[in-house]
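As structure tokens, the structure follows; a few thoughts come after it.
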Amino acid sequence: MRRLSNLAMACLGAVAMLSFSGVTMAGEGGVTVNVANGKNIFENGKADAGIAPCQSCHGEKALGIDAMGTPRLANLGYVYVVKQLTNFAEDKRIGTEVGVVMNGFAKSLSEQERRDVAAYVNTLPKAAEPSDLAALKADGKAVGEPYKGKIVVQFGDNGRVSACISCHAYNGRGADPVYPKIGQQKYVYLVNQLTHWREGSRANDPMGQMRAVAKNLTDADIINVAAFLSQTTESTPGNGMEVGNQSVLENIQKHH
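Okay, so the sequence shown: first residue is 3 according to my numbering, each after it adds one.
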């Protein structure tokens, strides 16, 4: 029964995520994306709306910047990025830290432009840029132990906390289109978001899944999990599956 319940939750989550992306079933026309337009917005912003380029906060390769607390956007999954931009535009997610600008930014984008930006960041070449934990620690940040975080990510903690990989897949590499890539995400962003999920100040998770998990995380859990995920690889010799997180985007582009 537990397995069926988890499967049902995943299916409901998929429906919720897909609805935010504007994706329809094959044969119903679907949506189209303009990757070139998404690239232009990412690199140049929208001067007519006074909106700065996305890359000014998220980096030229969309890999995030720890010093600004901004997340990696590259290859997280098309549906997830569309959903977040839509939630910001509708004030269902309120930006925090440097992300306070996100609500205004997302409101300035049309529905199509949100799809275009999401498409672009999910067509970027795969790249890894691990957070510099030593530098963060030297700057006074509380930094966890990756080996302790690995235990929680891969196995959870005796029913207290579910394993992250049960939804986000091996090493957090993502389970497109429902669950985003969290492996190789920036350390500062991971700590902030896990804290916000735990506090309930971020509440745009389908069915409250992240809040249900995060409420059982200790401060030590959060920094340990963030430390591991920020350094991890997508695969190992014993688990070498290639993950693109582009299954929905590929179908959209085929029908473009």
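Glycine included, C-beta positions come from ideal geometry on N, C-alpha and C. Because the structure is a prediction, the values reported are computed rather than measured.
Can you list, in chain order, the residues of its chain whose CB lies under 7 Å from that of E131, leaving out five sequence neighbours each side?
Taking the sequence shown and counting its residues from 1, the one referred to as residue 131 is at position 129. Result list for E131: L65, in chain order.
Please list, in chain order, all residues of the same chain as M212 whose beta carbon is under 7 Å from its beta carbon, the five residues on each side excluded.
Start at 1 with the first residue of the sequence shown, and residue 212 comes out as number 210. Cβ neighbours of M212 beyond the five flanking positions: W199.
Mind reading off the beta-carbon distance from C166 to V180? Whole number of angstroms is fine, and I expect it under 8 Å.
Taking the sequence shown and counting its residues from 1, the one referred to as residue 166 is at position 164. Taking the sequence shown and counting its residues from 1, the one referred to as residue 180 is at position 178. Not really, about 14 Å apart at Cβ, beyond 8 Å.
In whole angstroms, what separates the C-alpha of G161 from that of V215?
Residue 161 sits at position 159 when you count from the first residue of the sequence shown. Residue 215 sits at position 213 when you count from the first residue of the sequence shown. Answer to the nearest angstrom: the Cα atoms are 10 Å apart.
D159 bridges to which residues according to DSSP?
The residue labelled residue 159 in the question sits at position 157 within the sequence shown. Answer is V163.
Do the region 35-42 and the region 119-131 meet, that is, are 3 or more Cβ pairs less than 8 Å apart?
yes
Tell me whether N241 is buried or exposed, calling it buried when 16 or more other Cβ atoms sit within 10 Å of its Cβ.
Working through the sequence shown from its first residue, we reach residue 241 at position 239. Exposed.
Cβ contact check for the region 169-178 and the region 46-66: 3 or more pairs under 8 Å:
no
Proximity of N105 and G97 at Cβ, strictly below 8 Å
As a first step, residue 105 must be located in the sequence shown, where it is residue number 103. As a first step, residue 97 must be located in the sequence shown, where it is residue number 95. Cβ atoms of N105 and G97: closer than 8 Å.
With 16 other Cβ atoms within 10 Å as the buried cut-off, status of T220
Position 218 of the sequence shown, counted from the start, is the residue given in the question as residue 220. So T220 ends up on the exposed side.
Tell me whether A177 sits in a helix, a strand or coil according to DSSP, three-state version.
One-based indexing of the sequence shown puts residue 177 at position 175. Strand.
Quick check: the Cα distance between A222 and L231, rounded to an integer number of angstroms?
On the sequence shown, position 220 is the one that residue 222 refers to. On the sequence shown, position 229 is the one that residue 231 refers to. Spanning the two alpha carbons is a distance of roughly 14 Å.
CB-CB length for L192 against A228, believed under 8 Å
Residue 192 sits at position 190 when you count from the first residue of the sequence shown. Residue 228 sits at position 226 when you count from the first residue of the sequence shown. Contact flag correct, Cβ pair sits at about 4 Å.
Which residue comes first and which comes last in the alpha helix (DSSP H) that contains A137?
Working through the sequence shown from its first residue, we reach residue 137 at position 135. Note, A137: alpha helix (DSSP H), L135 to A140.
Of all the CB atoms in chain B, is at least one closer than 8 Å to the CB of G52?
Judged by its chain identifiers, the structure shown contains no chain B, having just a single protein chain.
Same chain, Cβ closer than 8 Å to S112, neighbours up to 5 away in sequence not counted:
For this step, residue 112 is matched to residue 110 along the sequence shown. Result list for S112: empty, nothing under 8 Å.
To the nearest angstrom, how far is the alpha carbon of D225 from that of T72?
For this step, residue 225 is matched to residue 223 along the sequence shown. For this step, residue 72 is matched to residue 70 along the sequence shown. Going by the sequence as given, residue 225 is Ile instead of Asp. The alpha-carbon atoms of I225 and T72 are separated by roughly 16 Å.
Cβ-based burial, A129 [other Cβ within 10 Å; buried from 16]:
Here residue 129 refers to the residue found at position 127 of the sequence shown. Flag for A129 reads exposed.
Considering only residues of the same chain and omitting the five flanking positions on each side of D207, which have a CB-CB separation below 8 Å?
Residue mapping note: residue 207 aligns to position 205 of the sequence shown, counting from 1. Only W199 and R213 meet the Cβ criterion.
Can you say whether A76 is buried or exposed, counting buried as having 16 or more other CB atoms within 10 angstroms of its CB?
If you number the sequence shown from 1, residue 76 lands on position 74. Counting Cβ neighbours within 10 Å, A76 comes out buried, since at least 16 surround it.
Could you work out which residue in G52, R204 and K152 is closest to G185 when comparing CA atoms only?
Numbered from 1 along the sequence shown, position 183 holds the residue referred to as residue 185. Comparing Cα positions, the closest option is K152.
If we call anything under 8 Å between Cβ atoms a contact, is K188 one with R175?
Along the sequence shown, read from residue 1 onward, the residue named residue 188 stands at position 186. Along the sequence shown, read from residue 1 onward, the residue named residue 175 stands at position 173. Taking 8 Å as the Cβ cut-off, K188 and R175 do not qualify as a contacting pair.
T125 (DSSP reduced to helix, strand or coil):
Position 123 of the sequence shown, counted from the start, is the residue given in the question as residue 125. Correct three-state label for T125: coil.
Looking at I53 and S110, is the spacing between their C-beta atoms short of 8 Å?
Position 108 of the sequence shown, counting from 1, holds the residue named residue 110. Position 51 of the sequence shown, counting from 1, holds the residue named residue 53. Cβ atoms of S110 and I53: closer than 8 Å.
In the DSSP assignment, the alpha helix (DSSP H) including S58 goes from what residue to what residue?
To locate residue 58, count along the sequence shown from 1; it is residue 56. Q57 to H60 is the span of the alpha helix (DSSP H), which, as asked, contains S58.
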